[in-house]
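Visitor:
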Amino acid sequence: MLDGIYLMGVLIEERAVHGPEVQEVLTRYGSVILNRSGIPDPSRKRGIISVTFQADEAGAEKFRQDLLRVPGVRAEAVRLGDALT
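Position in the sequence shown counted from 1, then plus 32, gives you our numbering.
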């Protein structure tokens, strides 16, 4: 059950190298993502993405852990409130 709204910040080191793997994870979670935004400047070595999504606590942690499996990625999530109905 999607019981919460979460905001996750994702920091990607060596964006050009690890960005495609991060995109694969985001695509797998596309059905729960409400919004995502990032800094697309190709001249930057680091990338920043913010993702707003709905999930239960276990689902949110699994999403975060899947991102953390990508080398050079840091991800932190915070629950903002109850899911949209």
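Every residue, glycine too, gets a C-beta built ideally from N, C-alpha and C.
All of these numbers come straight from a predicted model, not from anything done at the bench.
#1: Mind checking which residues open and close the alpha helix (DSSP H) that includes Leu100?
#2: Please confirm whether Leu43 and Ile71 have their CB atoms less than 7 Å apart.
#3: Nearest-angstrom Cα distance between Asp98 and Gly113?
#4: Can you check DSSP and say which residues form a bridge with Met40?
#5: Just to confirm, is the Cβ distance from Met40 to Ala109 under 7 Å?
#6: Give the range of the beta strand (DSSP E) segment to which Leu58 is assigned.
#7: Would you say the beta carbon of Ile80 is closer than 6 Å to some non-hydrogen atom of the ligand MG?
#8: Using DSSP with H/G/I as helix, E/B as strand and the rest coil, what is Leu66?
Guide: Considering the structure as presented:
#1: 89-100
#2: no
#3: 22 Å
#4: Beta-bridge pairing by DSSP links Met40 to Val83, Ala109.
#5: yes
#6: Per DSSP, Leu58 belongs to no beta strand (DSSP E); it is in the alpha helix (DSSP H), 47-60.
#7: Because no ligand of any kind appears in the structure shown, any question about the ligand MG cannot be addressed here.
#8: If DSSP states are grouped into helix, strand and coil, Leu66 belongs with the strands.
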